[in-house]
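Take a look at the structure below.
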Amino acid sequence: MDIEQFRKAGYAAVDAICDYYQTLSERPVKAQVQPGYLLDKLPKEAPAQGEPFHEIAAAFQNDILPGITHWQSPQFFAYFPANSTFEGMIADLYAASVSNPGFNWICSPACTELEQVVVDWVAKMLGLGPSFWTSSGVGGGVIMGSASEAALTAAMAARERSLRRLAGHEHAAENGQIEVPDEIRQKYGQKLVIYGSTQTHSLGSKAAIMLGLPFRAIPVSAEDGYSLRGDAVRKAMEADVADGLVPFLVIATVGTTSSGAVDRISEIGEVLKDFPTTFLHVDAAWAGVAYALPEYRELLRLSELNEYVDSFATNLHKWGLTTFDCTLLYVRDRQDLTQTFDVTPAFLRSKEADAGEVIDYRNWQIALGRRFRSLKIWFVLRSYGVEGFQRHLERGISQCKQLAEAVRQSTTFELVTKPSLALLVFRLSPSSRSDLTNDTLNVLNQRLHDRLNARYDVFLTQTVLHSVETNIFCIRFAMGGVRTTFEDVQATWSIVEAEGEEVLKDWDE
Ligand code: PLP
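Here UniProt numbering is used: the first residue of the sequence shown is 1, the next is one more, and so on.
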């Protein structure tokens with residue numbers, strides 16, 4: 001494709017995207033295809049000769065779009081919102097146009113410096129304290145692809161920091177790196193333990209798997225709103241220490257996936273004062289953007305986060321208007337990252353980095369190369385402004401409050417947990433049927449979810465809330481879509497109500 005062909009194809013692509021968005025709310029939210037639909041359709045090998053581009057673009061419409069579940073649909077309420085905005089899309093196009101792996105400042109100074117600017121914009125918008133600002137020169141933020149990657153990055157940094165502490169911080173090498181002596185690594189390396197709760201996202205277990213270390217999923221109580229408490233952390237750690245193990249990382253969550261629970265950060269932080277080899281990471285993948293609303297900061301324990309936490313991650317690509325993928329990882333001390341990831345062969349050195357004048361973000365992450373993600377944050381925040389970003393969050397929260405009211409008024413459904421920001425967790429539980437046990441309700445709600453799942457015009461995901469008291473099967477209604485109106489919420493809720501009635505009718509027959 002030459003430049004003029006690109007110009008034409010590019011205009012056509014934008015037209016097709018506009019048409020897609022104009023018809024989005026008329027399309028069923030879920031892909032109406034069966035497993036293997038595309039595998040059966042496409043050739044098994046790449047074409048020997050190149051094909052005309054208009055045919056390739058048409059195949060996107062004919063072959064690919066039917067297999068797309070419309071996450072951008074205003075009626076998408078499954079998992080979590082994954083908002084894309086036109087600003088973010090255009091930024092991604094520009095980023096692709098200057099495609100480069102930006103790992104060192106010298107690779108493309110704009111990529112590094114824009115990242116430094118926007119991570120601080122976001123830190124200030126969220127109310128993170130100055131220690132997390134990149135401009136502090138001590139802590140700072142880095143953009144990556146997922147909260148799971150951020151958690152693994154934090155876990156690796158935590159492991160190295162623990163080992164350095166166990167070694168007493170000696171052995172600084174010539175390049176400023178503090179080397180962990182082999183005997184310390186051998187003695188403690190396999191004794192380290194990660195902690196989270198039964199509500200922690202699978203990123204906790206995955207980080208543990210990748211490091212070859214155990215993950216302790218500490219039980220929580222429904223009475224505590226499914227949040228992880230300090231005492232439970234202490235108990236688990238003391239048991240491990242008694243067995244000769246070494247706690248090195250707690251992953252706390254602000255806004256758990258299942259119900260939006262917020263772990264007790266200050267309680268956990270106080271406990272960790274007695275376990276000084278332990279690092280505290282907060283995963284706020286979905287809910288973290290809500291710190292942008294000052295009135296929610298206390299509920300989400302922002303001051304505790306600012307006081308106790310070593311690292312914090314949130315996804316702008318969920319509720320935060322920024323086209324996938326865009327996770328921000330903040331650390332209180334950037335050396336936790338650089339002491340782990342700064343591995344610099346001669347060919348990666350530069351005069352500016354040697355002089356300490358610039359950041360080379362490859363030293364803050366696992367991979368060398370990195371996408372130019374700061375551009376989309378810049379476009380989105382400049383276009384929406386902090387106030388526009390806040391209004392967007394408020395819309396989702398307000399829709400959730402209205403839906404919660406409808407569930408409270410219902411004689412057929414109940415809220416399982418308190419509404420959390422834009423997430424509502426509910427179940428079928430007719431108030432006239434006190435004879436139904438929790439096990440029966442779990443069966444009925446599984447049936448309800450099966451019925452909903454068999455439809456294409458609605459998409460809601462289920463969860464099981466595990467606690468020391470019992471396990472509850474429930475359904476999640478995740479609002480916060482940038483194009484969603486309350487009418488969209490109501491339309492889906494009407495379907496849920498009608499399906500709920502059918503489930504009860506079948507049960508009684
Ligand atoms: N953490 C929480 C609390 C989440 O809700 C999710 C996604 O649902 C994740 C982590 C996973 O995020 P990612 O796909 O960016 O790894």
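We treat Cβ as the ideally placed atom computed from N, Cα and C, and that holds for glycine.
Here the structure is a predicted model, which means the values were calculated and not measured.
To which residues does DSSP link T463 through a beta bridge?
-> Here the question's residue 463 lines up with position 463 in the sequence shown. C474, per the DSSP bridge assignment.
As assigned by DSSP and simplified to three states, the class of M144 = As a working mapping, residue 144 is identified with position 144 in the sequence shown. Looking at M144 - three-state DSSP - the assignment turns out to be strand.
Does the separation of the CB atoms of A422 and G369 fall below 9 Å?
-> Taking the first residue of the sequence shown as position 1, residue 422 is located at position 422. Taking the first residue of the sequence shown as position 1, residue 369 is located at position 369. Contact flag unset, no.
Tell me whether V464 is buried or exposed, calling it buried when 16 or more other Cβ atoms sit within 10 Å of its Cβ.
-> Locating residue 464 in the sequence shown gives position 464, where the first residue counts as 1. Burial call: exposed.
Helix, strand or coil at T417 [DSSP, three-state] | Position 417 of the sequence shown holds residue 417. Coil.
Close-in-space but distant-in-sequence residues of the same chain around T492 (CB under 8 Å, 5 per side omitted) = Sequence index remark: in the sequence shown, residue 492 carries index 492 (1-based). Closer than 8 Å at Cβ, skipping near neighbours: Q75, F77, V458, L460 and F477.
Note down, one range per segment and in chain order, each alpha helix (DSSP H) of at least 4 residues found wholly within the region 322-375.
-> 335-341 and 351-354
What's the gap between the Cα of T338 and the Cα of N363?
-> For the purposes of this step, residue 338 is identified with residue 338 of the sequence shown, where counting begins at 1. For the purposes of this step, residue 363 is identified with residue 363 of the sequence shown, where counting begins at 1. Roughly 5 Å between the two C-alpha positions.
With a 10 Å radius around its C-beta and 16 neighbouring C-beta atoms as the bar for buried, classify S432 as buried or exposed.
-> Walking along the sequence shown from the start, residue 432 turns up at place 432. Exposed, because fewer than 16 other Cβ atoms sit within 10 Å of the Cβ of S432.
CB-CB under 7 Å to D92, same chain, minus the five flanking residues each way: which ones, in chain order?
-> Stepping through the sequence shown from its first residue, residue 92 is reached at position 92. If we look at D92 and ignore the five residues flanking it on each side, its Cβ neighbours are T323 and K376.
Pick out whichever of L65, N104 and G50 has its Cα sitting closest to the Cα of E352.
-> Stepping through the sequence shown from its first residue, residue 352 is reached at position 352. Comparing Cα positions, the closest option is N104.
Ignore the nearest five residues each way along the sequence and tell me which others in N442's own chain have a CB closer than 6 Å to its CB.
-> Locating residue 442 in the sequence shown gives position 442, where the first residue counts as 1. The answer, listed in chain order, is F473.
Neighbourhood of G230 by C-beta, 7 Å cutoff - its chain only, sequence neighbours within 5 removed | Here residue 230 is taken as the residue at index 230 of the sequence shown, counted from 1. The answer, listed in chain order, is R264, E267, I268, E270 and V271.
Just tell me which of R165, H317 and F347 has its CA closest to the CA of G88.
-> Counting from 1 along the sequence shown, the entry for residue 88 is found at position 88. If we check each option's Cα against that of G88, H317 comes out closest.
Among A367, V262 and A285, nearest to R297 - alpha-carbon criterion | Here residue 297 refers to the residue found at position 297 of the sequence shown. Ranking A367, V262 and A285 by Cα distance to R297 puts V262 first.
With distances taken from CA atoms, which of K124, A123 and L192 is nearest M156?
-> Taking the sequence shown and counting its residues from 1, the one referred to as residue 156 is at position 156. Looking at the Cα atoms, L192 is the closest of the given residues.
When DSSP builds the beta bridges, which residues end up paired with N315?
-> Residue 315 sits at position 315 when you count from the first residue of the sequence shown. T327, per the DSSP bridge assignment.
Just checking my contact of T257 with G145 at CB under 8 Å: how many whole Å lie between their CB atoms?
-> What you label residue 257 is simply residue 257 of the sequence shown in a count that begins at 1. What you label residue 145 is simply residue 145 of the sequence shown in a count that begins at 1. No, T257 and G145 are not in contact; Cβ-Cβ is about 18 Å, not under 8 Å.
Contact between the region 3-18 and the region 48-66: three or more CB pairs below 8 Å?
-> yes
What is the residue span of the alpha helix (DSSP H) that F53 lies within?
-> Counting from 1 along the sequence shown, the entry for residue 53 is found at position 53. Segment F53 to A59, the alpha helix (DSSP H) holding F53.
Distance between A222 and T440 (C-alpha atoms, nearest Å) = For the purposes of this step, residue 440 is taken as the residue at position 440 of the sequence shown. For the purposes of this step, residue 222 is taken as the residue at position 222 of the sequence shown. Taking the straight line joining both Cα atoms gives about 19 Å.
Excluding the 5 residues preceding and the 5 following D354 in the sequence, name in chain order all residues of the same chain whose CB lies nearer than 6 Å to its CB.
-> If you number the sequence shown from 1, residue 354 lands on position 354. Excluding sequence neighbours, D354 sits near nothing in its chain.
Is the CB-CB distance between residue 535 and E394 below 9 Å?
-> Residue 535 cannot be examined here, being either before or after the span of the chain that is shown, 1 to 509.
Contact under 9 Å by Cβ, D333 with V122 = Position 333 of the sequence shown, counted from the start, is the residue given in the question as residue 333. Position 122 of the sequence shown, counted from the start, is the residue given in the question as residue 122. Going by C-beta atoms, D333 is not nearer than 9 Å to V122.
Determine the direct distance from the alpha carbon of Q22 to that of A236, and round the result to whole angstroms.
-> Counting from 1 along the sequence shown, the entry for residue 236 is found at position 236. Counting from 1 along the sequence shown, the entry for residue 22 is found at position 22. Roughly 53 Å between the two C-alpha positions.
CB-CB under 8 Å to Q402, same chain, minus the five flanking residues each way: which ones, in chain order?
-> Here residue 402 is taken as the residue at index 402 of the sequence shown, counted from 1. Result list for Q402: F486 and V489, in chain order.
Grouping DSSP H, G and I as helix and E and B as strand, with all else coil, what is F215?
-> Here the question's residue 215 lines up with position 215 in the sequence shown. Three-state DSSP puts F215 in a strand.
Helix, strand or coil for S494 per DSSP?
-> Residue numbering aside, residue 494 sits at position 494 when the sequence shown is read from its first letter. S494: helix per DSSP, three-state reduction.
Return yes when at least one heavy atom of ligand 1 lies under 8 Å from the C-beta of W286, else no.
-> In the sequence shown, residue 286 corresponds to position 286, counting from 1. Yes, the Cβ of W286 comes within 8 Å of a heavy atom of ligand 1.
To the nearest angstrom, how far is it from the Cα of R483 to the Cα of P28?
-> For this step, residue 483 is matched to residue 483 along the sequence shown. For this step, residue 28 is matched to residue 28 along the sequence shown. Each residue's Cα considered, the two are about 15 Å apart.
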